[in-house]
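K.L.:
What follows is a structure written as C-alpha cells; I'll ask about it next.
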Amino acid sequence: MGSDKNRIQESKGYGRECDEEYYMKECYHQDYDCKCDDKEYDRDCYDYDKKYDHKEYDKKCDDHDYDKKCEHDYDDRKCEHHDYDKKHDVKVIQTKVIKGTGCKDFFLEADFDFPQGTPLYLIESIDTWVDVYDTKVICEDKVIFNAWVYKNIIYKVVSGSPVQDDGVTVTGGVDHITKAIPLAGCINIDTKKCGKLDPCRDFAEVIKAKVIGHVEDKLEKVEIKQGNGESFNPPVFVYGSLHEKMCVRIDLKVVRWEHVSVEIEDKC
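Under our numbering, residues 5 to 272 are what the sequence shown spells out, in order.
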C-alpha cells in the first residue's frame, strides 16, 4: 500500500514524502496538479485547533443588552395615535363630492322711479340681497344661472313746506322703495383636479351670492322754494329717480352624489 502511495505522489509531481496527516489537513491546496515554489504545502496556513482572541459572538454587547426589554417594544406598548386593539368597521355612505368651484363678478344697473307725491329727499339706508334660484351644468366646465337681486331703499321725504329760521327745518316721513332686478350669467368651473363635469350627474350649488359694491346717482333734481319764490338757505332739493350701479359676486360649486367608504371606530 505504501508503494502505491509513493507512486501516486510521484505522478502528481511532488518531490518529497507526504504523510497521511498532510492529506487530511483542510488547508491542503486544491490544485493538486500545480506545484508552488514559494509556499510549502505542508505548512500550516491556519491552525483550526488554535484558539484566537476574536470577539465571541455569544458575548453580550456592551452598548445593547439583547436580553433587556426594548423601551420601544411595539408588541407590548400601545401606540398613542392608534389603538390596534379597537375594532374598526368600514361603512359606505352616500355624500356629495365637490367636483369643482367657480366665481365671477357681474355688473348690474337699475333705475328707481319715486312716486310724484313722495320724491326722494335723503337716503336713510339701502339693503341688498341676492337670490340665485336656478343653476344648470351645461357642459364640461360651465354653469348657467338665474337670480334676483333685491334692493330695498329706505328714504326720507319732505312733507309740507320747510321753515327758514336760523337755518332750514325740514319735516316729513320715511318711505321705502324695493325692487327685484333680474340677473343671469355663465360661470366657468375650475375642473383641473377632478376632471370634466357631467351634466347628467353633476349639479351646482351656491356658495355665496352678494352685492360687493354699489353707487347711487340721484336724478331729476327739483328745488323746493319758499312761498315767495326765493330759495332756502341752504337750498332744499328732492329727486324724482335714482340710478343704481352695482357689482354682484356669485360663488358656485359643482357636486356629485358618490358612495364613500368610511372607517368607523367601534366604541363598545
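Think of the CB as a built atom: it goes at the ideal place given N, C-alpha and C, for glycine as much as any other residue.
Flag this pair as yes or no: are the beta carbons of residue 152 and residue 184 separated by less than 7 Å?
P.N.:
yes
K.L.:
Run through DSSP, which three-state label would residue 251 get?
P.N.:
When DSSP states are grouped into helix, strand and coil, residue 251 belongs to the strand group.
K.L.:
Buried or exposed for residue 188, please, with buried defined as at least 16 other CB atoms from any protein chain shown within 10 angstroms of its CB.
P.N.:
exposed
K.L.:
Can you look up residue 189 in the DSSP assignment and give me helix, strand or coil?
P.N.:
DSSP places residue 189 in strand when its eight states are reduced to three.
K.L.:
Taking the straight line between their C-alpha atoms, what separation do you get for residue 276 and residue 94?
P.N.:
As shown, the chain starts at 5 and ends at 272. That puts residue 276 outside it, with no answer to give.
K.L.:
Measure the CB-CB distance between residue 205 and residue 109 and report whether it falls below 7 Å.
P.N.:
no
K.L.:
The beta strand (DSSP E) with residue 225 in it runs from where to where?
P.N.:
206-229
K.L.:
Three or more C-beta pairs closer than 8 Å, one from the stretch 239-249 and one from the stretch 122-137: is that the case here?
P.N.:
Touching, yes.
K.L.:
With DSSP as the reference, identify every bridge partner of residue 116, one or two as the case may be.
P.N.:
246
K.L.:
Taking a contact to mean a Cβ-Cβ separation below 7 Å, would you say residue 286 touches residue 100 in this structure?
P.N.:
The structure shown does not extend to residue 286, since the chain is modelled only from 5 through 272, so no value can be given for it.
K.L.:
Excluding the five sequence neighbours on either side, which residues of its own chain have a C-beta within less than 7 Å of the C-beta of residue 138, listed in chain order?
P.N.:
Around residue 138: 149, 150.
K.L.:
Classify residue 136: buried if its beta carbon has 16 or more other beta carbons within 10 angstroms, exposed otherwise.
P.N.:
buried
K.L.:
Under a three-way DSSP split, which group does residue 74 fall into?
P.N.:
Residue placement at residue 74 is poorly supported in this model, since its pLDDT is 48, which falls under 50; the coordinates still yield a value, given next. Coil.
K.L.:
Do the stretch 155-165 and the stretch 175-182 meet, that is, are 3 or more Cβ pairs less than 8 Å apart?
P.N.:
Enough Cβ pairs lie closer than 8 Å, so yes.
K.L.:
Are the beta-carbon atoms of residue 200 and residue 262 separated by less than 7 Å?
P.N.:
One thing to note: residue 200 has its Cβ no nearer than 7 Å to the Cβ of residue 262.
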